[in-house]
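For the sequence shown, UniProt numbering begins at 1 and goes up steadily by one. Beta carbons: idealized from backbone N, C-alpha and C, even for Gly. Presented below is the structure to which this report refers.
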Amino acid sequence: MASSAGGQQSPWQYDHTRRMYYRYDARTNQVVYQNGQRLSRQDVVPRTTNVGQQQPQQPSAFSGPTNDDAGWQSADSPPNQYRLSRGSRADSCSSASQAATTSLNQAMGGLNVGTAPTSNTTVRNGITFIDTSNPNSLVRNSIGTSPAAAFTDSSLLQQGVLAHRYLTGSGGGEAEQLYPNYRIKHHSFFCVGRVFLVLWAEPMGETGTVITSAEQADPSVLRGRMGERVYSKVRRFVVVRASANYCSALPIATYGSQGVGKPGVKKSEHAIIHTGRDAPSPQASEAPARGAGESPMRSMPIRVVPDDPRELLDPLSRIDFGKIHTVQHNIKARPMGMVHPSSMNALTSQFDSVWASSGRASSSRTAAAAPPTAVPEAMLRAREEQARPSERAGNNDGSGDDEAEAERALQAQRALVRMARQGHSREDAIAQLISQLRGQGFSKEGATAEIRARLNYRPPEPDSDTE
Numbered sequence: 001m002a003s004s005a006g007g008q009q010s011p012w013q014y015d016h017t018r019r020m021y022y023r024y025d026a027r028t029n030q031v032v033y034q035n036g037q038r039l040s041r042q043d044v045v046p047r048t049t050n051v052g053q054q055q056p057q058q059p060s061a062f063s064g065p066t067n068d069d070a071g072w073q074s075a076d077s078p079p080n081q082y083r084l085s086r087g088s089r090a091d092s093c094s095s096a097s098q099a100a101t102t103s104l105n106q107a108m109g110g111l112n113v114g115t116a117p118t119s120n121t122t123v124r125n126g127i128t129f130i131d132t133s134n135p136n137s138l139v140r141n142s143i144g145t146s147p148a149a150a151f152t153d154s155s156l157l158q159q160g161v162l163a164h165r166y167l168t169g170s171g172g173g174e175a176e177q178l179y180p181n182y183r184i185k186h187h188s189f190f191c192v193g194r195v196f197l198v199l200w201a202e203p204m205g206e207t208g209t210v211i212t213s214a215e216q217a218d219p220s221v222l223r224g225r226m227g228e229r230v231y232s233k234v235r236r237f238v239v240v241r242a243s244a245n246y247c248s249a250l251p252i253a254t255y256g257s258q259g260v261g262k263p264g265v266k267k268s269e270h271a272i273i274h275t276g277r278d279a280p281s282p283q284a285s286e287a288p289a290r291g292a293g294e295s296p297m298r299s300m301p302i303r304v305v306p307d308d309p310r311e312l313l314d315p316l317s318r319i320d321f322g323k324i325h326t327v328q329h330n331i332k333a334r335p336m337g338m339v340h341p342s343s344m345n346a347l348t349s350q351f352d353s354v355w356a357s358s359g360r361a362s363s364s365r366t367a368a369a370a371p372p373t374a375v376p377e378a379m380l381r382a383r384e385e386q387a388r389p390s391e392r393a394g395n396n397d398g399s400g401d402d403e404a405e406a407e408r409a410l411q412a413q414r415a416l417v418r419m420a421r422q423g424h425s426r427e428d429a430i431a432q433l434i435s436q437l438r439g440q441g442f443s444k445e446g447a448t449a450e451i452r453a454r455l456n457y458r459p460p461e462p463d464s465d466t467e
């Protein structure tokens with residue numbers, strides 16, 4: 001019986017060399033890419049002689065070790081999807097074409113799974129974001145980087161504390177497409193002491209090389225869209241401040257199994273965080289270097305009670321009090337556990353201590369967080385009509401609150417001086433002041449005009465006809 005015009009096509013798979021999806025068309029014996037390009041199967045995979053007999057491999061566009069359990073099966077294709085397109089009959093496929101599919105599967109099933117995610121930088125609402133997307137795990141992240149004052153909790157900002165990063169939801173439904181246990185949570189989930197996980201769209205190493213056997217055992221190596229192994233890094237956080245629509249959270253890291261012994265890590269801004277009754281002992285390499293003027297880790301370990309007793313923190317896990325992350329409640333997260341009640345004071349008091357310590361703002365840190373700016377809270381309470389300096393200038397009846405206007409101007413000018421002393425450029429300092437007003441509902445144009453009016457403000461001269 002002749003085969004139909006439809007032919008047999010495999011589910012889509014990902015070509016890491018060309019960075020696009022493809023599938024095999026058994027009717028034409030071609031590899032079809034998502035952009036419509038068709039290549040002869042012989043041009044992209046090793047040639048075969050008899051069915052199931054493979055000659056020595058020739059140079060191929062596809063590389064990587066065979067991943068036997070990847071196969072043609074995709075996450076969105078049921079096991080019985082090996083059938084012809086509409087109008088075709090299942091028995092029209094010859095055993096030879098089926099064997100060809102199997103041969104192609106063997107040759108292409110072990111594609112390199114280290115493709116780096118796509119990344120682009122955008123500015124939204126005055127905040128610079130880095131948006132990343134992993135084509136294998138389908139994980140997306142949206143990370144705000146600057147200006148930090150625009151995404152720092154106001155109560156922390158008053159204390160001179162600035163957030164390090166801003167994590168917000170990147171769309172795509174209520175849950176991660178391939179990992180539904182990572183999903184949007186109710187705001188009550190993000191309470192102080194909550195430990196949660198977030199998937200990270202990050203390449204496997206800097207060069208996207210094939211996963212090693214050691215990495216395959218890492219729980220961060222997950223199954224991708226086509227069943228292949230995908231490196232999707234998992235980051236852990238602890239909530240230290242709760243708010244209505246976001247929380248302030250601290251990251252947990254092992255620093256490559258070095259703890260705070262890793263060069264460049266500021267030991268005094270970390271503490272041991274652990275699961276289990278007893279805290280692990282620090283490594284000898286984590287002790288402060290003699291003569292270097294270093295301070296040790298914070299003295300109170302923080303105990304976590306995991307939701308699943310089998311899910312334990314690495315003994316070298318350390319909580320970083322210095323890198324605050326503002327996390328929107330629309331992010332997709334998975335619960336890990338809660339800080340033990342006996343450790344809640346250790347969490348909050350050591351966090352406050354790190355930021356209250358003298359010299360914290362000027363200390364040399366390896367993190368990319370901006371230094372605290374102490375932007376006056378009064379600036380955040382300016383009335384919306386103050387964003388219209390032209391209207392204010394047109395009011396000549398003397399009813400304006402000149403003293404309040406002068407005070408706001410003085411606060412803005414002092415804040416600018418502080419930030420300049422901390423190393424900010426004038427443009428960056430002004431941008432941070434503008435972001436504060438935009439966070440209170442000002443338009444971009446209105447906030448810009450208001451800040452510039454405050455910085456250019458000069459008190460009126462007294463009347464010349466004094467008594």
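- Excluding sequence positions up to five before and after Ser268, its CB lies within less than 6 Å of the CB of Ser295, all in the same chain and listed in chain order.
- Taking a contact to require three or more Cβ pairs closer than 8 Å, the region 137–145 and the region 304–317 do not qualify as touching.
- In the structure shown, Gly337 adopts extended strand secondary structure according to DSSP, grouped into three states.
- Of the other Cβ atoms in all chains shown, fewer than 16 fall within 10 Å of the Cβ of Gly423; this residue is therefore exposed.
- Counting every other CB atom within 10 Å of its CB across the protein chains shown gives Cys247 a total of 16 or more, marking it as buried.
- For Ser243, same chain residues with a beta-carbon under 8 Å away, outside a window of 5 residues either side, are Asp153 in chain order.
- DSSP lists Ile184 as the bridge partner or partners of Lys332.
- Between the alpha carbons of Val198 and Leu250 lies a gap of roughly 13 Å.
- Contact holds between the region 158–176 and the region 321–331, because three or more Cβ pairs, one in each stretch, are under 8 Å apart.
- If you ignore the 5 residues before and after Ala447, its C-beta comes within less than 6 Å of the C-beta of Ile434, Leu437, Arg438, all in its own chain and listed in chain order.
- The C-alpha of Ala431 is placed about 18 Å away from the C-alpha of Ile130.
- The beta-carbon distance between Ile127 and Ala150, rounded to whole angstroms, is 5 Å. This is short enough to meet the 8 Å contact definition.
- At a Cβ-Cβ threshold of 8 Å, Gly171 and Leu347 do not count as neighbours.
- Spanning the alpha carbons of Pro280 and Met344 requires a straight line of approximately 18 Å.
- Sixteen is the threshold: since fewer than 16 other Cβ atoms of the shown chains lie within 10 Å of the Cβ of Gln37, the residue is exposed.
- Bounds of the alpha helix (DSSP H) holding Phe351 are 344–356.
- With distances taken between CA atoms, Arg277 lies nearest to Ile302 out of Arg124, Ile302, Gly261, His270.
- Taking 8 Å as the cut-off, the beta carbon of Ala201 is found closer than this to the beta carbon of Ser133.
- For Arg426, the number of other beta carbons within 10 angstroms of its own is below 16, and it is reported as exposed.
- According to the DSSP assignment, Gln432 belongs to the alpha helix (DSSP H) that extends over 426–438.
- At least 8 Å separates the beta-carbon of Arg241 from that of Ile252.
- Less than 8 Å separates the beta-carbon of Gly259 from that of Arg318.
- The continuous beta strand (DSSP E) containing Gly144 extends over residues 140–146.
- Scanning its chain for C-beta atoms nearer than 6 Å, with the 5 sequence neighbours on each side dropped, one finds no residue around Ala404.
- Note on geometry: alpha-carbon atoms of His187 and Arg334 lie some 13 Å from one another.
- Using a 10 angstroms sphere on the CB of Arg124, the tally of other CB atoms stays under 16, which defines it as exposed.
- Cβ contact annotation for Leu312 (same chain, cutoff 8 Å, sequence separation greater than five): Thr275, Gly276, Pro306, in chain order.
- Residue Val234 holds the alpha-carbon nearest to the alpha-carbon of Tyr179 among Phe189, Val234, Ser155, Gln158.
- Excluding the 5 residues flanking it on each side, Tyr166 has same chain C-beta neighbours closer than 6 Å at Gly144, Phe151, Thr326, in chain order.
- Ranking Glu450, Ala175, Leu39, Asp352 by CA distance to the CA of His270 puts Asp352 first.
- Within the DSSP secondary-structure output, Pro263 pairs in no beta bridge.
- Comparing C-alpha distances from Tyr182 to each of Thr118, Leu416, Ser137, Thr122 shows the shortest one belongs to Ser137.
- When the beta-carbon positions are compared, Leu416 and Ala406 stay at least 8 Å from each other.
- Here the alpha carbons of Phe442 and Ile451 stand approximately 11 Å from one another.
- Val139 sits away from Gly337, with the two beta carbons spaced by 8 Å or more.
- When DSSP states are grouped into helix, strand and coil, Thr254 belongs to the coil group.
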